[in-house]
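Mapped onto the numbering used here, the consecutive letters of the sequence shown carry residue numbers 3 to 123.
Notes follow once the structure below has been shown.
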Amino acid sequence: MDQRREDPRGALVRPYAVTRGRTEARMDIAIEAVLSASPTSVVESRFAGHDKHRIATVCEGRAQSLAEIAAYTRMPLGVTRVLVADMVAEGLLTLHTAAPAEGFEERMEILGRVLSGLRRL
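Structure (structure tokens):
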């Protein structure tokens, strides 16, 4: 019998290898920002690499937030943010902003109320 054991971690790829050593995204994308991909973009993403193709496939049927993309692809949020920013810059994904920049204070007030309500639970 073969006594060799397989590595319990499986095929492990370090996050910095996926992003080619980059830790900062080209643009600031909020965690709640919504992204979508057209069928044409999904086809084009095949030539951009495996991870980018997975992201485009997740966004093809319905728009997804950055957090959802990270969860569905099982990649760390930072890695997903870098790849998604690249894909937006390359035209493979469409970024739909969650809220206008001028409504920041109002948005923070709403988030504060939600946080307060969660703490009361």
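By construction, the Cβ of each residue, glycine as well, lies at the ideal position given by its N, Cα and C atoms.
Since the model is a prediction, treat every value here as computed from it, not as a measurement.
**Report entry** Local conformation of Thr96 per DSSP, three classes
**Finding:** strand
Query raised in the report: Would you call the CB atoms of Ala72 and Ser38 closer than 8 Å?
Result: Taking C-beta atoms as the reference points, Ala72 and Ser38 fail to come closer than 8 Å.
Query raised in the report: From Val60 to Ser40, what does the alpha carbon distance come to, in whole angstroms?
Result: 11 Å
Query raised in the report: So what's Ser40 in DSSP terms, helix, strand or just coil?
Result: Secondary structure of Ser40 (DSSP, three-state): coil.
**Report entry** Same chain, Cβ closer than 6 Å to Glu62, neighbours up to 5 away in sequence not counted
**Finding:** Ala39, Val44
Requested in this report: May I ask which residues mark the beginning and end of the alpha helix (DSSP H) holding Ile71?
Outcome: Unbroken alpha helix (DSSP H) run through Ile71: 68-75.
Query - Pairwise C-alpha distance: Tyr74 and Arg48 - result: 18 Å
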